[in-house]
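Residue numbers (our numbering): 11 to 450.
Below is one structure, written out as structure tokens; comments come after it.
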Amino acid sequence: MSDTIYALSSGQGRAGVAVVRLSGPAVRDVFQRMCGKVPTARIATLMNVRHPIDGDTIDKGLCLLFAAPRSFTGEDMGEFQLHGGPAVILRLLGALSGVDGLRPAEPGEFTRRAFVNGKLDLVEVEALGDVISAETDGQLRLAQRLAGGALSNRVSCWRKALVSARSAVEAAIDFSDEGDVRTDVRSEVAPPIRQVLRDIEAVLDDGGRGERLRDGLTVAIAGPPNAGKSTLLNLLARREAAIVSPFAGTTRDPVEVHLDLGGVPVTLVDTAGLRDGGDEVEAIGVARARERVAKSDLVLWLEPATDMGEASAEAPPDCLRVTTKLDLAPVSLTPRGLAISAVTGIGIPELTGLLVQRARELAGAQENVLIARARQRAALHGCAEELKALLKLADDKKGAALEFQAEHLRRAMRELGRLIGQVDVEEVLGEIFAAFCIGK
Ligand SMILES: Nc1nc2c(ncn2[C@@H]2O[C@H](COP(=O)(O)OP(=O)(O)OP(=O)(O)O)[C@@H](O)[C@H]2O)c(=O)[nH]1
Ligand SMILES: [Mg+2]
Numbered sequence: 011m012s013d014t015i016y017a018l019s020s021g022q023g024r025a026g027v028a029v030v031r032l033s034g035p036a037v038r039d040v041f042q043r044m045c046g047k048v049p050t051a052r053i054a055t056l057m058n059v060r061h062p063i064d065g066d067t068i069d070k071g072l073c074l075l076f077a078a079p080r081s082f083t084g085e086d087m088g089e090f091q092l093h094g095g096p097a098v099i100l101r102l103l104g105a106l107s108g109v110d111g112l113r114p115a116e117p118g119e120f121t122r123r124a125f126v127n128g129k130l131d132l133v134e135v136e137a138l139g140d141v142i143s144a145e146t147d148g149q150l151r152l153a154q155r156l157a158g159g160a161l162s163n164r165v166s167c168w169r170k171a172l173v174s175a176r177s178a179v180e181a182a183i184d185f186s187d188e189g190d191v192r193t194d195v196r197s198e199v200a201p202p203i204r205q206v207l208r209d210i211e212a213v214l215d216d217g218g219r220g221e222r223l224r225d226g227l228t229v230a231i232a233g234p235p236n237a238g239k240s241t242l243l244n245l246l247a248r249r250e251a252a253i254v255s256p257f258a259g260t261t262r263d264p265v266e267v268h269l270d271l272g273g274v275p276v277t278l279v280d281t282a283g284l285r286d287g288g289d290e291v292e293a294i295g296v297a298r299a300r301e302r303v304a305k306s307d308l309v310l311w312l313e314p315a316t317d318m319g320e321a322s323a324e325a326p327p328d329c330l331r332v333t334t335k336l337d338l339a340p341v342s343l344t345p346r347g348l349a350i351s352a353v354t355g356i357g358i359p360e361l362t363g364l365l366v367q368r369a370r371e372l373a374g375a376q377e378n379v380l381i382a383r384a385r386q387r388a389a390l391h392g393c394a395e396e397l398k399a400l401l402k403l404a405d406d407k408k409g410a411a412l413e414f415q416a417e418h419l420r421r422a423m424r425e426l427g428r429l430i431g432q433v434d435v436e437e438v439l440g441e442i443f444a445a446f447c448i449g450k
């Protein structure tokens, strides 16, 4: 890790200020050569920044040194905060490229060094990436909580409990010929393991909210033809995204729009009206609609007040029922579910409110949500399974082989190690860091 890396960490294009970061052993040398001296650590210092070879002035700006190990990467880090014009940035990056031992950073390389130097664990690395890419408030809250160590701290408590359980079991193995150690072990090991298992199961029992929040929810608008599905999509999207016409069977391809519903990112999908017996193209549209309905997290099932037959068997049992075209409803009508009219606007605020509420139930940034990715869930689930197997052996009154218990403990710890990136990291690292931007 002897290379010193540099990158523009602020956004591309013209801006008031541009931040170029460096990390590695040559940082002080770069300051010495380009500014004439090394700024005092952690004190922003206004300096003339010059080209290291021809001495030409690049710009005047703030220079900062974060001395190892008290820096984001754990190495010496430097920052140039210069004027954010493309020519200034070009000149600075060009100057840095000419310095021996310096090279441009790869995507996520600063964060990778922070991980390698033990500044962040893998969960925190992932969360940091999510902080940067968060598009809604809910996503940001979850990412910040995880980046702040909410899950990592729990994992480290669990690991401590498993470590002491393991040493108890291993001591018992070593002294197993010396009388009745086994009963002692049972009372020493089982209760804390049971507690850890309960904790992990509570974290797992979140209804997948964190992953849904990170990936976004899919909400499908479905129902019979001509129910006003596309009209509702356009209304919620505030633009004419889908074609509306008085003819039944207008929509064929699913039409998607993206919304922020109370902090939850939502993809709203308008689908073809469900009926059998249309032309060939419509039939394909209907098949796609059924596919999208089956795959979505929530279905809005629309039926027009002008044509309310029997409740359709095709509406999913947990769908949100909406009766549309209330302005045309016969006086005797009893609407199913929420009643709306796109013409008078009646029921629309209620529908939006209900959607926000359901979106938050399905994907939330509540305090107890600590899992943001399938990878994290898989590791915790694997750990819980090992602990269950261990407890089953420990409960066995005959005193099952301690070696087997030790093996389950070892595997449970391995799963936690995998979660925070202490074992088997190589295969996930590439994938995680590739998703980062350069300069982070
Ligand atoms: N009066 C009234 N007309 C509506 C309302 N909502 C939609 N319409 C009309 O109903 C017709 C059908 O609307 P669409 O939004 O295209 O219906 P759809 O469910 O997407 O229909 P398909 O794509 O064919 O399945 C259009 O003429 C709309 O203007 C409403 O609330 N009141
Ligand atoms: Mg339509």
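Positions of the beta carbon are idealized from the N, C-alpha and C atoms, including for glycine.
query	result
What is the DSSP secondary structure of residue 331, reduced to helix, strand or coil?	strand
With three or more C-beta pairs closer than 8 Å as the rule, is the segment 424-442 touching the segment 124-133?	yes
Note down the Cα distance separating residue 420 from residue 372, rounded to an integer number of angstroms.	35 Å
Skipping 5 residues on each side, what residues in its chain have a beta carbon closer than 7 Å to that of residue 335?	238, 314, 315, 316, 351
Within 8 Å, do at least three Cβ pairs link the segment 27-36 to the segment 93-101?	yes
Output the distance between the C-alpha atoms of residue 230 and residue 41, rounded to the nearest integer angstrom.	56 Å
Whole angstroms is fine: what's the gap from residue 195's alpha carbon to residue 204's?	14 Å
Given the structure, does residue 260 come close to ligand 2, in the sense that its CB is under 7 Å from one of the ligand's heavy atoms?	yes
Quick test of the definition: if touching needs 3 or more C-beta pairs under 8 Å, does the segment 138-157 touch the segment 37-57?	no
Compute the distance between the beta-carbons of residue 65 and residue 445, then report whether it is under 8 Å.	no
When the Cα atoms are used, what is the spatial distance from residue 413 to residue 171?	18 Å
With a CB to CB cut of under 7 Å and the five nearest residues on each side skipped, what residues in its chain are close to residue 306?	228, 229, 230, 279
Go through its chain and collect everything with a Cβ distance to residue 356's Cβ below 8 Å, but skip five positions before and after it.	336, 337, 349, 350
Hey, out of 49, 327, 427, whose CA is closest to residue 311's CA?	327
Please give me, in chain order, every unbroken run of the beta strand (DSSP E) with length at least 3 that falls completely inside the segment 97-160.	112-114
Is it the case that the CB of residue 352 approaches a heavy atom of ligand 1 more closely than 7 Å?	yes
Assuming residue 382 contacts residue 220 under a Cβ cut-off of 8 Å, what Cβ separation, rounded to an integer in Å, is found between them?	4 Å
Could you check if residue 222 is buried or exposed, using at least 16 other CB atoms within 10 Å of its CB as the buried criterion?	buried
Could you compute how far the alpha carbon of residue 111 sits from the alpha carbon of residue 85?	15 Å
For the alpha helix (DSSP H) that contains residue 359, what are its first and last residues?	358-372
Apply the 10 Å Cβ neighbour rule to residue 135 and answer buried if 16 or more other Cβ atoms are within range, or exposed otherwise.	buried
Looking only at its own chain, which residues have a Cβ that is under 6 Å from the Cβ of residue 397, when we skip the five neighbours before and after it?	203, 207, 422
Please determine, among 162, 236, 346, the residue with the shortest C-alpha to C-alpha distance to residue 389.	162
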